[in-house]
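Heads up: the structure comes next, in structure tokens.
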Amino acid sequence: MTGKKVLVVGSGAREHALAWKLAQSPSVHEVIVAPGNAGIAGIARCVATAADDVRGIVALARGEQVSLVVVGPEAPLVVGLVDALNEAGIAAFGPSREAARLEGSKAFAKEIMREANVPTAGFAVFDDADAAEAYVREANRPLVVKADGLCAGKGVVVAKDTDEALEAVRVMMRERIHGEAGARVVIEECLLGPEVSYHVVCDGTRYVPLAAAQDHKRLRDGDQGPNTGGMGAYSPPPVVTATIERAILSRVVEPVLATMTARGTPFRGALFVGIMIVDGAPAVLEFNVRFGDPETEVLMARWKGDVLPLFEASARGDLTGVMPSWEAPHALAVVLAAEGYPTAPTKGARIHGLDAIEDAPGVVAFHAGTRERGGAIEVAGGRVLAITAVGSSLDEAASRAYAACDRVHFEGMQLRRDIGWQARGSS
Ligand code: AMP
Ligand code: GLY
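According to this note's numbering, the sequence shown holds residues -2 to 424 in order.
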């Protein structure tokens, strides 16, 4: 047998995009995805092992003799999947459990930022609800209340007044709506400005800067409605100028990598820096220790050529000589979400029109919550598809993506019509 076997862990549109790109690598003979989804099954072999089943994933990787495991979501990273794989002698792309605390604990991330002198919102950490409430009353200004632990993106409340902040402290610390993740909270000063995502791939000391992207977190057009996992993204966002990009690298990425190394927990894998641009300078909102979703869809769509060497070099701990490689100048992804998303998504609606966009130029339909039943593809989760298109301009990418969205339909389908509004008409 020639060529390598790679295992991708996860089941969203992010993992579809990673598997799609890896499957095109001339060195890859087979991509396996655990557990995958109906769309991923079209380009890779799906195995029904859950992403957070650490023993199951290690056994699968060993049994299949894969040469690399690429871990998509944060939950398995935070519980130590990469450590377990490495102990079994299997190369893996992603941080160790200790390094994954940058996402797994918001208080830890703040401590690292303080130590590394990274620009971020002022903050205080509380283990005691009475003390947190006293702080909120005393502050008497807009605050952001964050549960310390992982909450699948639901642990942050941007409170417009003291009552909302007190309510957030009460439900997190007293009612424990997020369980132990809310036993400790971080209370931050509220920043204002455009938000962007910046990704770097790290090997512990070195890094390869990928491009910036901009997610759209609110459900409805005009940034209205509830927060979601992300309703669409585009790359590159012009708000990230060369000066801002240099500041992100020199004031955030480099000091954080140096601090993690100095602590004996070097960071490897994808580091996603969530940034707010405040008065022309970047301030960090959060770190994620994995690729963003839907940011990955636009980054992989733009990437030129083989992505395997990037992930292999990071896993090996030596990115020397690996350069970022862009082909498409612009990409844009529109998420098609299920009826009732994000609060109570409805499953089971049949999805129509996917074959009609298979050959659309520059368009890929990355699947997230889909499953196959009786030969048809149906809705199986909140975010269903991420229709992604590349273009020589952002407008071209947007018109291709939306033309494709207009051919796909399922009962109750929700989408935003204004993805990329910040930059459309300008490129
Ligand atoms: P996080 O998970 O920390 O990124 O928070 C989720 C969302 O809350 C972010 O994408 C921002 O929109 C918002 N947010 C987080 N921290 C702040 C802050 N200090 N000021 C204003 N908004 C924030
Ligand atoms: N798109 C935001 C995230 O992946 O966390």
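Where a beta carbon is used, it is the ideal one built from N, C-alpha and C, also for glycine.
Just verifying my parser: in three-state terms, what is the DSSP assignment at residue i?
i: residue 17; result: helix
i: residue 91; result: coil
i: residue 351; result: coil
i: residue 410; result: coil
i: residue 254; result: helix
i: residue 366; result: coil
i: residue 201; result: strand
i: residue 127; result: helix
i: residue 160; result: helix
i: residue 429; result: The structure shown does not extend to residue 429, since the chain spans only -2 to 424, so no value can be given for it.
i: residue 381; result: strand
i: residue 476; result: Only positions -2 to 424 of the chain appear in the structure, and residue 476 is not among them; the question remains open.
i: residue 400; result: helix
i: residue 260; result: coil
i: residue 388; result: strand
i: residue 168; result: helix
i: residue 132; result: helix
i: residue 341; result: coil
i: residue 194; result: strand
i: residue 405; result: coil
i: residue 63; result: coil
i: residue 53; result: helix
i: residue 173; result: coil
i: residue 186; result: strand
I'd like to know whether the C-beta atoms of residue i and residue j end up nearer to each other than 8 Å.
i: residue 91; j: residue 76; result: no
i: residue 144; j: residue 182; result: yes
i: residue 270; j: residue 249; result: yes
i: residue 413; j: residue 228; result: yes
i: residue 116; j: residue 280; result: yes
i: residue 382; j: residue 329; result: no
i: residue 397; j: residue 361; result: no
i: residue 122; j: residue 78; result: no
i: residue 365; j: residue 35; result: no
i: residue 291; j: residue 253; result: no
i: residue 37; j: residue 59; result: no
i: residue 6; j: residue 63; result: no
i: residue 96; j: residue 286; result: yes
i: residue 232; j: residue 267; result: no
i: residue 106; j: residue 283; result: yes
i: residue 265; j: residue 314; result: yes
i: residue 29; j: residue 61; result: yes
i: residue 89; j: residue 66; result: yes
i: residue 409; j: residue 341; result: no
i: residue 385; j: residue 363; result: yes
i: residue 85; j: residue 133; result: no
i: residue 200; j: residue 24; result: no
i: residue 278; j: residue 244; result: yes
i: residue 166; j: residue 130; result: yes
i: residue 102; j: residue 146; result: yes
i: residue 274; j: residue 339; result: no
i: residue 288; j: residue 196; result: yes
i: residue 202; j: residue 216; result: no
i: residue 429; j: residue 178; result: Only positions -2 to 424 of the chain appear in the structure, and residue 429 is not among them; the question remains open.
Checklist entry - Are there three or more Cβ pairs, one per stretch, closer than 8 Å when the segment 306 to 317 is compared with the segment 377 to 391? => result With a cut-off of 8 Å, the segment 377 to 391 and the segment 306 to 317 do not count as touching, because too few Cβ pairs lie within range.
Taking three-plus beta-carbon pairs below 8 Å as touching, is the segment 169 to 186 in contact with the segment 207 to 222?
-> no
So, do the segment 316 to 323 and the segment 25 to 44 have three or more beta carbon pairs nearer to each other than 8 Å?
-> Touching, no, given that fewer than three Cβ pairs across the two stretches are closer than 8 Å.
Notebook entry, point to check: Do three or more CB pairs link the segment 14 to 26 to the segment 293 to 303 at distances below 8 Å?
Noted result: With a cut-off of 8 Å on Cβ pairs, the segment 14 to 26 is in contact with the segment 293 to 303, counting three or more such pairs.
**Q.** Below 6 Å from a heavy atom of the ligand GLY - residues by beta-carbon
**A.** Chain-ordered list of matching residues: 212, 227, 285, 289, 290 and 292.
- Task: Could you tell me whether the segment 233 to 247 touches the segment 345 to 357, using the rule of 3 or more Cβ pairs below 8 Å?
- Result: no
key: Inter-stretch contact (C-beta, 8 Å, three-pair minimum) for the segment 132 to 144 and the segment 183 to 193   = yes
Counting only runs that start and end within the segment 265 to 318, where is the beta strand (DSSP E) found for 3 or more residues in a row? 278 to 285
Please give me, in chain order, every unbroken run of the alpha helix (DSSP H) with length at least 4 that falls completely inside the segment 73 to 123. 78 to 84, 98 to 101 and 103 to 113
- Task: May I have a chain-ordered list of the beta strand (DSSP E) segments no shorter than 3 residues that lie completely inside the segment 3 to 51?
- Result: 25 to 32
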